[in-house]
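Visitor: Protein chains in written order, with our numbering: chain E, 130 to 361; chain P, 130 to 361; chain B, 130 to 361; chain U, 130 to 361; chain H, 130 to 361; chain Z, 130 to 361.
All residues carry an ideal CB built from backbone N, CA and C; glycine is no exception.
Got a structure for you, questions after.
6 protein chains.
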Amino acid sequence: MGTPSYNQLGIVKRHIERADRTAAEALGRFGSATVHEAMGRVGLLKPYMRPIYGGAAVSGTAVTVLLHPGDNWMMHVVAEQIRPGDIVVAAITAECTDGYFGDLLASSFMARGAKALVIDAGVRDVRTLTEMGFPVWSKCISAKGTIKATIGSVNIPVLCAGALVHPGDVVVADDDGVVVVPASDAVRVAEVAARREALEGEKRAKLASGVLGLDMYDMRGPLAEAGLKYVD
Amino acid sequence: MGTPSYNQLGIVKRHIERADRTAAEALGRFGSATVHEAMGRVGLLKPYMRPIYGGAAVSGTAVTVLLHPGDNWMMHVVAEQIRPGDIVVAAITAECTDGYFGDLLASSFMARGAKALVIDAGVRDVRTLTEMGFPVWSKCISAKGTIKATIGSVNIPVLCAGALVHPGDVVVADDDGVVVVPASDAVRVAEVAARREALEGEKRAKLASGVLGLDMYDMRGPLAEAGLKYVD
Amino acid sequence: MGTPSYNQLGIVKRHIERADRTAAEALGRFGSATVHEAMGRVGLLKPYMRPIYGGAAVSGTAVTVLLHPGDNWMMHVVAEQIRPGDIVVAAITAECTDGYFGDLLASSFMARGAKALVIDAGVRDVRTLTEMGFPVWSKCISAKGTIKATIGSVNIPVLCAGALVHPGDVVVADDDGVVVVPASDAVRVAEVAARREALEGEKRAKLASGVLGLDMYDMRGPLAEAGLKYVD
Amino acid sequence: MGTPSYNQLGIVKRHIERADRTAAEALGRFGSATVHEAMGRVGLLKPYMRPIYGGAAVSGTAVTVLLHPGDNWMMHVVAEQIRPGDIVVAAITAECTDGYFGDLLASSFMARGAKALVIDAGVRDVRTLTEMGFPVWSKCISAKGTIKATIGSVNIPVLCAGALVHPGDVVVADDDGVVVVPASDAVRVAEVAARREALEGEKRAKLASGVLGLDMYDMRGPLAEAGLKYVD
Amino acid sequence: MGTPSYNQLGIVKRHIERADRTAAEALGRFGSATVHEAMGRVGLLKPYMRPIYGGAAVSGTAVTVLLHPGDNWMMHVVAEQIRPGDIVVAAITAECTDGYFGDLLASSFMARGAKALVIDAGVRDVRTLTEMGFPVWSKCISAKGTIKATIGSVNIPVLCAGALVHPGDVVVADDDGVVVVPASDAVRVAEVAARREALEGEKRAKLASGVLGLDMYDMRGPLAEAGLKYVD
Amino acid sequence: MGTPSYNQLGIVKRHIERADRTAAEALGRFGSATVHEAMGRVGLLKPYMRPIYGGAAVSGTAVTVLLHPGDNWMMHVVAEQIRPGDIVVAAITAECTDGYFGDLLASSFMARGAKALVIDAGVRDVRTLTEMGFPVWSKCISAKGTIKATIGSVNIPVLCAGALVHPGDVVVADDDGVVVVPASDAVRVAEVAARREALEGEKRAKLASGVLGLDMYDMRGPLAEAGLKYVD
């Protein structure tokens, strides 16, 4: 949690380099699991981050916000920095389960064009958020409100749920979790993911017809070599 | 968890002072998040308390029961004390995840007029409970049954999921969590919540139209004073 | 977690004694809570094991697999040992939250006739699994993939989520959790469960009509004897 | 955690009724386990509360303080309310692991006559505290500092680590944990504990000589009646 | 947790096959880490099992006891089954943190010749236990006492902290944790551990003199083959 | 956990910029709590990181290593990159409690001049490590060994226990926890810490003499302004 850089508290960075929009959108179509594989199995937020409702699947460019425990003042500051297609990634300087975000802020974020919120803390008004169709991935749900007393920062690199997120990175989130792709690598990862995806359709058909992965992937030799023994 | 008063084990209090019914019903309409704010951000049960199905939203007056780990005998005792409009609040004297409550007890509670169960332990038969439309907020779901061997108490003050609940208090529960309002304060809190709610509709419309919270709440001055700096 | 028998690593047992199919199917109709009671309140997996989607209810015979952290190689080996009506029970030699299983493996498992997966780790592609109607009970959901580098074992006794599962045992899983019945005891437990179930319908009707459990179960005497006191 | 009484934020109660000093001291000699038994097995803080160094054993009268997450301002306010023989019991309005207390505050507390601190959060400077001989029971140890921005309350009833503590109650803390005895009940509990203790010396000698509890407590009959069977 | 065998509740097995005493003692000298390796990296209890004081290192043969949550009645039953050189392994049928064991029971266990207790729950009187020199590995420390109301079983196979323990198995416990060796395999594992240990002295000397593991184990080739790249 | 940079797997960086040695040593004298304050309350690893024995207090320059779950192969690779005065900071790509490090590796690390290990996983041989005087801060202690099968990286930025650590950064660790200071900022932070420390001695003397923090810090006015009320 928190920020990796101690001297950036109280700063709002207005101009950030956003990842290529086409790549960001393409990555969303592959989903978090495929993108995570295409990245080389890194970039994933911890699995305690769950969607507040099932079925949502989004991708977008990160605007980041660093908040203090029990204080959501900077949520209003980050709102102004949102551009259409962005996903707000909120980190807290210490562990906290309070409900930082509800339907009022969601109205504001949607008006600015935000596609989702990813927050390493709690949110509330989840029924209204679900009706509004504004997806959130969070650590928990809590009716506990927050105050507005301490400043944090916007668009600095943050550690959110065990992952480092830079402003402008691509965020891909769905029922399987949330993955972050560095902006500079989005195009390449999208290509790797596309190649991976192309192979999967064919494999799925084979497996569904009863072909075993043991045969399709030629695993019998390596398994025997590794010492696997069949007994009756 | 447990009881705050060591010398009340084995007691069933039959006559309790219930909160004003109109206030209890009004509080339910505002929801747990608004009520929690109107209370001054106290009275909330810990966020691990979750509904067994989404979308339920209730309020009612608490009848309380203190149970022992793995023993649900007192659930039958509390059933008799339920009056229409009550919500049963069940605390355990130690941490326990067993399934204390299922469809049989739910039939009984519903017949007595109970609106919901809030329990700092587990419940089971959740599919049937969902079909019956009897909402439960619990720590977990578990098929593990309990025995009937040790007596506890009914309608004493209990600590449930980190909150002190007196019999007769108002309980408000929905998708955001569970909040408790002291009976003597229910009318006042309902008024505060109503004022708060009245302001929110207008704010929501403004924010949805693109007005920033920064401007609507006049935050730019205080933020600058607190040291917030904008950089490029 | 893990295997109770240190010298069975790297073994695939091809012939296992499966529980009586009729008993296995009957047990599924009673559900995990009733079966757990009929067993004498043992055999339950820990309540952190949750279904990836609500409403699924299955029973079947266990084929077991022991995997290493972050390595799902043996999932392809166990696929070949599945017979129609089986449920795969996957244990890991250490705690792990990775996503061991997704839509490709599910296609393969379904083609082999598997009814479900129970895994003490994570799974992914949960939206697709839901669409396919392949139920999974797991510790968590995670997009994090696994490698194929180390062999484990298939059809040895495993410790899964705090329960010992032998290949061929009956697995009953639904919204309340997962319970395991030893193959040799399946017929007897099914009979106990049937008797139990027969009594419940009548009880439910009585309780729903307003009869109290206190009276239906003749509890007032024992409660008084245990020291319960009613006060005003 | 937190306060059970919503309308007492921002209050310092100067005059509190402290438990009988002789009883408080006597309770300390029996230790937390014996006192907890004498209370009827209630009054215990959760077992995550651990001493920062082994071997400390204290008792005293509670002065309570309710703090906000990450904010230790009220620690200076409570210091003034300490009288010789007191133990400060600190609760937080939300879960927090920050280090609220270190060697400077310990110097102040000791100068006022405090015997210990019990805090449902973190502390720091533990090596210096150990050298100073000021015992602390806490949820964790953390170098993370706190701010001084928000007021709480002093000498109101608080929920600390799952127990309700009123100012003036007796606190008994040692290597086994922390137990709270209501001020009004301290004399009676001390008497029960004394009787209990008197019996234990004799029992210990018998058991150490090889007499079995089975025989000393005449358990063989009840065990057989409960169904216990011996097999070879 | 719990028992793997549903129909063994309420049974005390008097005659058990204990592992070879010489092998049991030899295994203790190697320590839990070496024994765990010699076993093929299985047989370990979960790492939350910690000694109540540092420096203890024991081995012995298991007598097992299965207890109910909050109930230590069977502790007196198992005491009678202890023979000199035994270690009591206590499992609970559900998660529980209560203090099942204190100085009285320790006096009894020591009088019977027990070398230690391993318990998947809490213990108390830890200062006295430390002074008595009776080592315990437990999940936690808690002053909370238990009742004596429900029977369990003695000397049946139990699941303790994630490991299956049969009566008579060798238990090795020290500062690194607790490992269980099947009785039938104790001699073989002791031999493997002895060979392993013999090699370690020489390796330790080489590494201490500055030789790198990279060279001592000839790892540079395999690392390069695996793709490791050195950059400046 | 893990690495923030997806494309650096399988890399060993030989030349890193280490923080100023004098500043690194000075920071160690102030301790983790004071350094954390001097940093502006950032840079701290999560409080679950605990020393394996009390009283150790070190500072040094970080060499980092990224490992896979259950695999300590890279520990031998990082050993070669250690220079006198370094502290090894080990991160894992997923949560893991295995014992990655014992007395053999400690012999090697000490021979290379390492001052300590900080690892977001488990270690073993803790009694021997304590006798050798090699301090370790870890998430847990576990006898469970690891394999050597998969390569990771050395001297890349890693996320360890919630903090971002660059090779060459200053690590300060003691009984209060572990804090990381960016190499480029070590001199400045040491100066801030020195000024802070100078003030503390005087304050401690005042507080020990009975002066209240309320008066020493002139808090009475701000508290009253914040609304604090004294009652009897």
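Taking the alpha-carbon positions, what's the B:S313 to U:P296 distance?
Guide: Their Cα atoms are separated by approximately 60 Å.
Visitor: Quick check: the Cα distance between B:S267 and U:P311, rounded to an integer number of angstroms?
Guide: Distance between the alpha carbons of B:S267 and U:P311 is about 45 Å.
Visitor: In the DSSP assignment, find the unbroken alpha helix (DSSP H) run with P:S161 in it and report its ends.
Guide: Counting along the chain, the alpha helix (DSSP H) containing P:S161 begins and ends at 150–167.
Visitor: Mapping DSSP to helix, strand and coil, what is H:P351?
Guide: If DSSP states are grouped into helix, strand and coil, H:P351 belongs with the helices.
Visitor: Do the CB positions of B:K277 and B:D200 come within less than 8 Å of each other?
Guide: Result yes, Cβ atoms of B:K277 and B:D200 sit closer than 8 Å.
Visitor: Quick one: residues in its chain with C-beta nearer than 6 Å to the C-beta of Z:L233, no 5 flanking neighbours on either side, listed in chain order?
Guide: Counting only Cβ-Cβ distances below 6 Å, and skipping sequence neighbours, we find nothing.
Visitor: According to DSSP, B:P176 sits in a beta bridge with which residue or residues?
Guide: In the DSSP output, where bridge partners are listed per residue, B:P176 has none listed.
Visitor: Going by DSSP, what residues sit across from Z:K277 in a beta bridge?
Guide: DSSP output for Z:K277 lists no bridge partner at all.
Visitor: Checking the sheet assignment: what are the DSSP bridge partners for H:G306?
Guide: DSSP output for H:G306 lists H:D303 as bridge partner(s).
Visitor: Taking 8 Å as the threshold (beta carbon to beta carbon), is H:G139 in contact with chain U?
Guide: So yes, H:G139 belongs to the interface.
Visitor: Could you please give the first and the last residue of the uninterrupted alpha helix (DSSP H) stretch that includes U:V321?
Guide: Counting along the chain, the alpha helix (DSSP H) containing U:V321 begins and ends at 315–337.
Visitor: Does any residue of chain H have a CB that is nearer than 8 Å to the CB of Z:D249?
Guide: False, the Cβ-Cβ gap to chain H never drops below 8 Å.
Visitor: Would you tell me roughly how many angstroms separate the C-alpha atoms of B:V141 and B:V192, rounded to the nearest one?
Guide: C-alpha separation (whole angstroms): 11 Å.
Visitor: Spell out the partners DSSP gives Z:H197 in its beta bridges.
Guide: Note: Z:H197 sits in a beta bridge opposite Z:D200.
Visitor: Just checking my contact of Z:G172 with Z:V308 at CB under 8 Å: how many whole Å lie between their CB atoms?
Guide: Indeed they touch by this definition, with Cβ atoms about 5 Å apart.
Visitor: Could you list which residues in chain U have their beta carbon closer than 9 Å to that of E:A223, in chain order?
Guide: Neighbours of E:A223 on chain U, chain order: P198, G199, C225, T226, D227, K273.
Visitor: Mind pulling the chain B residues with CB within less than 9 Å of P:G231?
Guide: In chain order: A162, D305.
Visitor: From the DSSP output, in three-state form, read off U:D249 for me.
Guide: Note: U:D249 maps to strand in three-state DSSP.
Visitor: Between Z:G184 and U:Y182, what straight-line distance do the alpha-carbon atoms span, to the nearest angstrom?
Guide: Cα to Cα, the separation comes out at about 11 Å.
Visitor: For U:A327, does the count of other Cβ atoms within 10 angstroms reach 16, so buried, or fall short, so exposed?
Guide: U:A327 comes out exposed.
Visitor: CA-CA distance, E:A220 and B:M345?
Guide: If I take the Cα positions, the gap works out to 55 Å.
Visitor: Of all the options P:D361, P:V217, P:C289, which has the alpha carbon lying nearest to the alpha carbon of P:V187?
Guide: Ranking P:D361, P:V217, P:C289 by Cα distance to P:V187 puts P:V217 first.
Visitor: To which residues of the same chain is U:G342 closer than 8 Å at the C-beta, ignoring the five residues directly before and after it?
Guide: Excluding sequence neighbours, U:G342 sits near L336, M348.
Visitor: Considering Cα atoms alone, identify which of P:G291, P:V164, P:Y177, P:A302 is closest to P:E320.
Guide: Residue P:V164 is the option with its Cα nearest to P:E320.
Visitor: Against chain P, does B:R212 count as a neighbour if the rule is that its beta carbon must be under 8 Å from one of theirs?
Guide: So no, B:R212 is outside the interface.
Visitor: Suppose the cutoff is 7 Å on Cβ atoms and the five residues either side in sequence are ignored; what does the same chain contact list for U:V287 look like?
Guide: The answer, listed in chain order, is T132, T193, L195, V218, A220, V294.
Visitor: Of the residues that make up the region 276–287 of chain H, which ones have a beta carbon closer than 9 Å to any beta carbon in chain P?
Guide: Listed by position, the residues of the region 276–287 of chain H near chain P (Cβ gap below 9 Å) are I276, A278, T279.
Visitor: Looking only at its own chain, which residues have a Cβ that is under 8 Å from the Cβ of U:G274, when we skip the five neighbours before and after it?
Guide: Around U:G274: D227, G228, R253.
Visitor: Give the residues from the region 169–184 of chain H that approach chain Z closer than 7 Å (Cβ to any Cβ), ordered along the chain.
Guide: From the region 169–184 of chain H, only R170, L173, P176, G184 have a Cβ closer than 7 Å to chain Z.
Visitor: Using a Cβ-Cβ distance under 8 Å, would E:R147 count as near chain P?
Guide: For E:R147, the answer is no, since every Cβ of chain P falls outside 8 Å of its Cβ.
Visitor: How should P:T151 be labelled, buried or exposed, when 16 other C-beta atoms within 10 angstroms of its C-beta is the threshold for buried?
Guide: Result: exposed.
Visitor: H:C225 and P:P198 look like a contact to me (Cβ under 8 Å); what is the Cβ gap, rounded to whole Å?
Guide: Rounded, the Cβ-Cβ distance is 7 Å, consistent with contact.
Visitor: Are the C-beta atoms of E:E326 and some chain P residue less than 8 Å apart?
Guide: It does not: the Cβ of E:E326 has no partner Cβ on chain P nearer than 8 Å.
Visitor: Among residues of its own chain, excluding the 5 on either side of P:D304, which ones have a beta-carbon nearer than 8 Å to its beta-carbon?
Guide: Cβ within range, chain order: P180, G183, G184, A185, A186.
Visitor: Could you check if U:E100 is buried or exposed, using at least 16 other CB atoms within 10 Å of its CB as the buried criterion?
Guide: In the structure displayed, chain U extends from 130 to 361; residue 100 of chain U sits before or after that span and is not available.
Visitor: Would the beta-carbon of P:G306 fall within 8 Å of that of E:I248?
Guide: Cβ atoms of P:G306 and E:I248: not closer than 8 Å.
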